[in-house]
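Asks:
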Amino acid sequence: MTALPAPAPFRPAPAQLGLIAVTFLMWGGFFLVIPLITVHFVGELGWAAASVGLVLGVRQLVQQGLTVFGGAWADRVGPKPLILSGCLIRTLGFAGMAFADSFAGLLAASLLAGVGGGFFDAPKSAAITAVTRPEHRTRMFSLVSVAGNLGMVTGPLIGAALVTVGFRTAALASASTYVVAFALLAATLPHTRPGVASGRGLAGLWAAARDRRFRRFTLVLIGYFLLSTQINVAVTLKAISLAGPGATGPLYGLSAGLAVLLQYPLLRFTERRVRTRVALVAAVLTVGLSLGLMGLAVTFGQLLACVALYSLGTMIVYPTQQTLTARLAPPGVTGSYFGFSAISLGVGGALGNVLGGSLTDMGTRLGLPLLPWLTLMAVGGVTALGLRWALQEVPGREVAEGART
C-alpha cells in the first residue's frame, strides 16, 4: 500500500487544549465517584443492589436520550452555553449524591448527573469540530480520547484514597472537577455561532435521520458498541473466573493504560498509511477477533494479551468514527449529527450489557463455554462488513482527506 504524505503539523490552540483538559476532568470526576456508589450504598449502608443498579441505569438512559437532542440544541445556540450548563447541572448532581440518604434523593441526584451529561456530550464533540481544522480532527479526537482514558485511570485511584475519609468527601471532590471544567471552558472556548442551516427546531436531527449514508453508518455501529461494552460484562466475568475479584484492577488498568500510551502514536502511524474507512473496518475486525480469542484463554495472562489486542482496535475506532461523523455532517448541523450518532452507543451499549451476560449464562448452562465468544466474534465480522457497505458511497477522496492533508 502506498504511503500517504505526512499530515501538516498540529499545534493545539488554547480552545483545543481547554477541551482536552476538560475531558480529563470530566472522565476523572465521573470515575472518581461512580464506582464508589455501589460500595457506599450497598456495601456500607446495606441497600439492595438492585435499587442502586436501577439508579445507575436510569442515569445512563437519561444521559443517552438527552444526548440525541443536545447536539440539535447546540446547532441552535452554539455548543458553549450547553457545555457550561451541563457542567453546572452535573456539579449539582454529584454534590446531591454526597448528601443523599434515601432512594428518592439518590435517584434525583443521579437524574441531574444524567441531564448534565446529556447537555455536554454531543455539544463537546461539535465544539471540537468547530475549533479544529478538518485535517487535524482525527488527531484532536485521539488526544481527547487519551485524556479521557487518563481520567479513567486516575479517577478511581483518587476515589479509593478519598473514600477512606468518607463517601461525601469523594462525591464533593467529584462535583468540584466540573466546577473547574466550567471555569476552564468559560475562559478558553469561543462561542461559535450557529450555522445558517440550524434555525428551525430539530431540523438538524431530521436531516441526519434522512441522510441514508449517515443513517446506515450510525445503525451499523450499534454492532461495534455492543462489542465495546463487553470489557465491562463478558470480559470482566472471564477475568474474575480466571483470577478472582482482584482481576478487575489489572484488566481496566491495562486497557486504559495502553490507550494513554499508544493511542496517539498508533493513530499517527495509521493515518499516514491507511485510509480512514479501511482503518475503521480493520479496527472493528480486530476487536471482534480479540473477543473470539478470549474464549480460548485458559490463564489470566493469556486473557490480558487478548485484552491488549482488543484495546488496539478500540483506540482506532473512536477517533475515526468521530472524524467521519464530523466529515459527513453538512455545515450548520454538526451537533445534530453527533447527537444522532449517540443512538448507536445507547442501543449498542444496552444490547451489549444484556447480551454479554445472557450469552455467558447460556454457554455455562449448555456446556458451551465458547458460545459467547464465537457469537461476539461473528458480530464483529458482520459489523465490519456492514461498515464497508454503509460507507461505500463515500468518495475515496472524502474519506481519506484527514489522512492525506
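Okay, so the sequence shown: first residue is 475 according to the working numbering, each after it adds one.
Note that CB positions come from ideal geometry on N, CA and C, so glycine has one too.
Quick check: what's the CA-CA separation for residue 559 versus residue 655?
Replies: Rounded to whole angstroms, residue 559 to residue 655 spans 11 angstroms at the Cα level.
Asks: When you compare only the Cα positions, how much space is there between residue 577 and residue 726?
Replies: Their backbone Cα atoms lie some 29 angstroms apart in a straight line.
Asks: Assuming contact is defined by CB atoms lying nearer than 8 angstroms, are residue 695 and residue 829 in contact in what I supplied?
Replies: Not in contact: residue 695 and residue 829 (Cβ atoms no closer than 8 angstroms).
Asks: How about residue 582: is its C-beta nearer than 8 angstroms to some C-beta of chain B?
Replies: Reference to chain B is not applicable here, since this structure consists of a single protein chain.
Asks: Going along the chain, which residues of its own chain have a beta-carbon closer than 6 angstroms to the beta-carbon of residue 603, five neighbours each way excluded?
Replies: 800 and 808, listed in sequence order.
Asks: Inspect the beta-carbon positions of residue 813 and residue 681 and report whether they are closer than 8 angstroms.
Replies: Against a cut-off of 8 angstroms, the Cβ pair of residue 681 and residue 813 comes out as no contact.
Asks: Could you pull out every residue in the same chain whose Cβ sits closer than 8 angstroms to the Cβ of residue 475, ignoring the five residues on either side in sequence?
Replies: Confidence in residue 475 is poor, its pLDDT being 43 and thus under 50, which makes the residue's placement too unreliable to answer from.
Asks: Near residue 767, which residues of its chain fall below 6 angstroms by C-beta distance, leaving aside the five closest residues on each side in sequence?
Replies: These residues qualify, in order along the chain: 780.
Asks: Smallest Cα separation from residue 815: which of 790, 569, 599 and 835?
Replies: Looking at the Cα atoms, 599 is the closest of the given residues.
Asks: Out of 859, 652 and 616, which one is the CA nearest neighbour of residue 760?
Replies: Looking at the Cα atoms, 859 is the closest of the given residues.
Asks: With a Cβ-Cβ cutoff of 8 angstroms, do residue 730 and residue 790 count as a contact?
Replies: Not closer than 8 angstroms, so no.
Asks: Just the Cα atoms here: how many angstroms apart are residue 586 and residue 535?
Replies: The straight-line gap from Cα to Cα measures roughly 12 angstroms.
Asks: Sorted by chain position, which residues of the same chain lie with C-beta nearer than 6 angstroms to residue 588's C-beta, five sequence neighbours on each side aside?
Replies: Excluding positions up to five away in sequence, the list reads 533, 536 and 537.
Asks: Per DSSP, what kind of secondary structure is residue 640 in: helix, strand or coil?
Replies: Residue state, collapsed to three classes: coil.
Asks: So residue 827 is in the alpha helix (DSSP H); what residue range does that whole segment cover?
Replies: Residue 827 -> alpha helix (DSSP H) spans 808–840.
Asks: Buried or exposed for residue 670, going by 16 or more other Cβ atoms inside 10 Å?
Replies: Unreliable placement is indicated for residue 670, whose pLDDT of 46 sits below 50; the coordinate value is still reported in the next sentence. Classification for residue 670: exposed.
Asks: Assign residue 549 to one of three DSSP states: helix, strand, or coil.
Replies: Residue 549: helix per DSSP, three-state reduction.
Asks: Excluding the 5 residues flanking residue 572 on each side, which residues of the same chain have their C-beta closer than 6 angstroms to its C-beta?
Replies: Correct list, in chain order: 642, 645 and 646.
Asks: With H, G and I counted as helix, E and B as strand and the rest as coil, what does DSSP make of residue 490?
Replies: Residue 490: helix per DSSP, three-state reduction.
Asks: Mark residue 665 as exposed unless 16 or more other C-beta atoms lie within 10 angstroms of its C-beta, in which case mark it buried.
Replies: Exposed: under 16 other Cβ atoms inside 10 Å.
Asks: Assign residue 772 to one of two classes, buried (16 or more other C-beta atoms within 10 Å of its C-beta) or exposed (fewer than that).
Replies: The residue is exposed, with fewer than 16 neighbouring Cβ atoms inside 10 Å.
Asks: Please determine if the segment 618–636 and the segment 503–514 are in contact, where contact requires at least 3 C-beta pairs separated by less than 8 angstroms.
Replies: These segments touch.
Asks: From which residue to which residue does the alpha helix (DSSP H) around residue 795 run?
Replies: Run containing residue 795: 774–802, per the alpha helix (DSSP H) assignment.
Asks: Report all residues from its chain with a CB closer than 6 angstroms to the CB of residue 691; omit the five preceding and five following residues, and keep chain order.
Replies: The residues are 864.
Asks: What is the residue span of the alpha helix (DSSP H) that residue 483 lies within?
Replies: Here residue 483 belongs to no alpha helix (DSSP H), and DSSP marks it neither H nor E.
Asks: Less than 8 angstroms between the beta carbons of residue 824 and residue 777, yes or no?
Replies: Not in contact: residue 824 and residue 777 (Cβ atoms no closer than 8 angstroms).
Asks: Can you check whether the CB of residue 769 is closer than 8 angstroms to the CB of residue 848?
Replies: Yes, these two residues count as a Cβ contact at 8 angstroms.
Asks: Which residue marks the beginning of the alpha helix (DSSP H) containing residue 737, and which one marks its end?
Replies: 722–747 is the extent of the alpha helix (DSSP H) around residue 737.
Asks: Return the chain-ordered list of same chain residues with a C-beta closer than 8 angstroms to the C-beta of residue 797, the five sequence neighbours on each side being excluded.
Replies: Answer for residue 797: 611, 612, 615, 750 and 876, listed in chain order.
Asks: Excluding sequence positions up to five away, which residues of its chain have a Cβ less than 6 angstroms from the Cβ of residue 514?
Replies: Closer than 6 angstroms at Cβ, skipping near neighbours: 641.
Asks: Can you give the beta carbon distance from residue 601 to residue 553, rounded, assuming they're within the 8 angstroms contact cut?
Replies: Correct: roughly 4 angstroms between the Cβ atoms.
Asks: Please report the Cβ distance between residue 548 and residue 658, rounded to the nearest whole angstrom; I am assuming they are in contact, meaning their Cβ atoms lie under 8 angstroms.
Replies: About 19 angstroms; that fails the 8 angstroms criterion.
Asks: In three-state DSSP terms, what is residue 866?
Replies: Residue state, collapsed to three classes: coil.
Asks: Would residue 649 and residue 565 be called neighbours here (beta carbons separated by less than 8 angstroms)?
Replies: Yes; because the gap between Cβ atoms is below 8 angstroms, this pair is in contact.
Asks: Taking the continuous alpha helix (DSSP H) assigned at residue 597, which residues delimit it?
Replies: From DSSP, the alpha helix (DSSP H) with residue 597 extends over 577–605.
Asks: Write down the C-beta distance between residue 489 and residue 605 rounded to the nearest angstrom, noting that I regard them as a contact closer than 8 angstroms.
Replies: 4 angstroms between Cβ atoms; contact.
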